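Q: First the structure, which I've put down as structure tokens, then a few questions once you've had a look.
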Amino acid sequence: MKYFSLFLLFFSSALLSAQDAQELVLSFIPLFSGETIHLEERSPNATQAPLQIEKLQFYISQVTLYNGDEVVFSEENSFHLLDAADAESLILPLEIPKELAYSQVRFHLGLDSLCNVSGAMGGDLDPTKGMYWTWQSGYINFKLEGNAAHCPARKNRFQFHIGGYQAPYNTLQEIALETVASQNIQIQINLDHFFEQVDLSKTYQVMSPNEEALKLAPLVASIFSIVE
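Residue 308, in this note's numbering, is where the sequence shown stops; the numbers in between run on with no holes.
Encoded structure:
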């Protein structure tokens, strides 16, 4: 009877918790040339395009909701690897309190120093995901690869691996987006804006924490915006 009573107490608490919660979905939509990119669906004439995106991966962490200046929700164990070649990874479901009022969503683009100094871990932080350099350099926050006709590198390839957590090359960026309370917040990633600001004939390979990565990090953060 004692164990049965404990079970009922646990079940009732879980049920009450579920009734007091709702799901909020953050959907990330990568756009290029005004269209959603689907790297898992190769276009037959993609190799003929003047600029082709072949890889887009990035870390989102510390997802937080604000109502004005007040934190009203903060996700626990908040780190996610998003990959444009995996549509499911671009959708982040969050369980938040029911009827929660909030006006802004904030998150980090990349991983903080604590995550980096803890060493390579499992799940989305597993080094086999291809987003980890070494214990000294840490994780790659944002990776963008492809080829462009005007890029002078071998096979016209450009590679941007933006990361770094140690001074003076800490590239972690906080992104704050004004929004309205909804069950689905859509966040677009405007890659056209990135390529408008970067001259691929001069800058086409950033592969370690350095001054170029530090300069590009705010630009990368600026390509995220709410779909209105």
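All C-beta atoms, glycine included, are put in the ideal place defined by N, C-alpha and C.
Every value quoted in this text rests on a predicted model; they were computed, and no experiment measured them.
Could you check where the beta strand (DSSP E) with S141 kicks off and where it finishes?
A: As a working note, residue 141 is residue 61 in the sequence shown. Segment 131-147, the beta strand (DSSP E) holding S141.
Q: How would you write the range of the alpha helix (DSSP H) that V105 sits in, first residue to last?
A: Position 25 of the sequence shown, counted from the first residue, corresponds to residue 105. Looking at the DSSP string, V105 is not in any alpha helix (DSSP H); the run it does join, the beta strand (DSSP E), is 101-112.
Q: For the region 246-262 against the region 179-190, are there 3 or more C-beta pairs whose distance is under 8 Å?
A: yes
Q: Pairs of beta-carbons, one from the region 278-285 and one from the region 235-243, closer than 8 Å: are there three or more?
A: yes
Q: Do you know how far the Cα of L180 is from the Cα of Y146?
A: By one-based count along the sequence shown, residue 146 stands at place 66. By one-based count along the sequence shown, residue 180 stands at place 100. Within the model, the alpha-carbon separation for Y146 versus L180 is close to 10 Å.
Q: Roughly how many angstroms separate the alpha carbons of S193 and Q246, rounded to a whole number?
A: Here residue 193 refers to the residue found at position 113 when the sequence shown is read from its first residue. Here residue 246 refers to the residue found at position 166 when the sequence shown is read from its first residue. If you take the alpha carbons of S193 and Q246, they lie about 7 Å apart.
Q: Do you know how far the Cα of Q253 is from the Cα of S217?
A: Here the question's residue 217 lines up with position 137 in the sequence shown. Here the question's residue 253 lines up with position 173 in the sequence shown. The straight-line gap from Cα to Cα measures roughly 17 Å.
Q: Between which two residues does the alpha helix (DSSP H) containing Q277 stretch?
A: Within the sequence shown, the letter at position 197 stands for residue 277. Q277 -> alpha helix (DSSP H) spans 271-277.
Q: Determine the direct distance from the alpha carbon of F153 to that of G210, and round the result to whole angstroms.
A: Position 130 of the sequence shown, counted from the first residue, corresponds to residue 210. Position 73 of the sequence shown, counted from the first residue, corresponds to residue 153. C-alpha separation (whole angstroms): 31 Å.
Q: State yes or no: is the C-beta of Q102 within less than 8 Å of the C-beta of K178?
A: Taking the sequence shown and counting its residues from 1, the one referred to as residue 102 is at position 22. Taking the sequence shown and counting its residues from 1, the one referred to as residue 178 is at position 98. Contact: yes.
Q: Under DSSP, the alpha helix (DSSP H) around S193 begins and ends at which residues?
A: In the sequence shown, residue 193 corresponds to position 113, counting from 1. From DSSP, the alpha helix (DSSP H) with S193 extends over 193-197.
Q: Could you check what DSSP says for E179 in three-state terms: helix, strand or coil?
A: Your numbering for residue 179 matches position 99 in the sequence shown. Note: E179 maps to coil in three-state DSSP.
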